[in-house]
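A short worksheet on the structure shown next.
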Amino acid sequence: MVHYYCRHCKQKLGKVDHHHEHESSRLGFHLLSEQDKQTMLHYDSRGDVHVQSICEHCEDVLFEHPNYHEYESFLH
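So that you can map any letter, position 3 of the sequence shown is 3 in full-length UniProt numbering, and since no number is skipped, the others follow by simple counting.
Written out as structure tokens, the structure is:
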């Protein structure tokens with residue numbers, strides 16, 4: 001299973017059934033740099049992948065306040 005959540009507000013964005021390794025190419029993980037993979041992809045003990053993304057609300061906030069990009073998370 002692949003779980004997507006916002007890296008800022010932690011809102012769950014969705015999930016995708018992911019049963020075979022070759023399916024990861026359809027999800028685009030192979031297009032990420034190694035640094036992005038380390039930052040965005042986390043694996044749990046069950047083999048599920050947790051992907052840090054960004055929700056529309058947080059994207060809008062970042063658009064209106066570009067200086068927030070400096071912070072790991074702008075929500076406290």
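Don't be surprised by glycine CBs; every beta carbon is placed ideally from N, CA and C.
These numbers were taken from a predicted model, which means no experiment stands behind them.
Check your understanding: CB-CB under 6 Å to His50, same chain, minus the five flanking residues each way: which ones, in chain order?
Key -> As a first step, residue 50 must be located in the sequence shown, where it is residue number 50. Result list for His50: His3, His42, in chain order.
Practice item. Using alpha carbons as the reference points, say which of Leu62, Ile54, His65, Glu70 lies closest to Gly14. Key: Here residue 14 corresponds to residue number 14 of the sequence shown, with the count starting at 1. Cα-wise, what sits closest to Gly14 is Ile54.
Practice item. Indicate whether Arg7 and Gln38 have their beta-carbon atoms separated by less than 7 Å. Key: Stepping through the sequence shown from its first residue, residue 7 is reached at position 7. Stepping through the sequence shown from its first residue, residue 38 is reached at position 38. Taking the C-beta atoms as reference points, Gln38 is found no nearer than 7 Å to Arg7.
Practice item. In angstroms with no decimal places, state the Cα-to-Cα distance between Tyr5 and His65. Key: Residue numbering aside, residue 5 sits at position 5 when the sequence shown is read from its first letter. Residue numbering aside, residue 65 sits at position 65 when the sequence shown is read from its first letter. Roughly 21 Å separates the two Cα atoms.
Review point. Where His69 and Cys58 are concerned, what is the direct C-alpha to C-alpha distance, given to the nearest angstrom?
Key: Translated into the one-based positions of the sequence shown, residue 69 becomes position 69. Translated into the one-based positions of the sequence shown, residue 58 becomes position 58. The alpha-carbon atoms of His69 and Cys58 are separated by roughly 11 Å.
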